[in-house]
Amino acid sequence: MALGDIDDDGDMDLFWGDYFEPGILFIENTGTCQSPSLGGEPVSFPLSEPLKTSGYNAPTIGDVDGDGTKTY
């Protein structure tokens, strides 16, 4: 599992990999950091072109290329 602010709204959204699901899933936090709300349905990530791989997927979020932006 990993937490990251995918929609740049200041709260952490939830990402995870599942052995039985080919890819990475995420749920948008529609609440706040102090009062999170993760009640939506999980969707494949990235939204525009979901990553589909076999086996266990373990997402990590960071600035891989050093440009100051998040890399998923």
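Residues 41 to 112 (this note's numbering) make up the sequence shown, in order.
The C-beta atom is built at its ideal place from N, Cα and C for all residues, glycine as well.
Since this is a predicted model, take the numbers as computed values, not measurements.
A straight line joining the alpha-carbon of Asp49 with that of Thr111 spans about 16 Å. A residue is called buried once 16 or more other Cβ atoms fall within 10 Å of its Cβ, and Pro90, having fewer, is exposed. Note on Phe66: 16 or more other CB atoms within 10 angstroms of its CB, so buried under the neighbour-count rule. Beta-carbon to beta-carbon, Leu78 and Leu43 are separated by about 10 Å, too far to satisfy the 8 Å threshold. A distance below 7 Å separates the beta carbons of Gly80 and Glu68.
Between Gly57 and Ile64, the C-beta gap is smaller than 7 Å, which places the two residues in contact.
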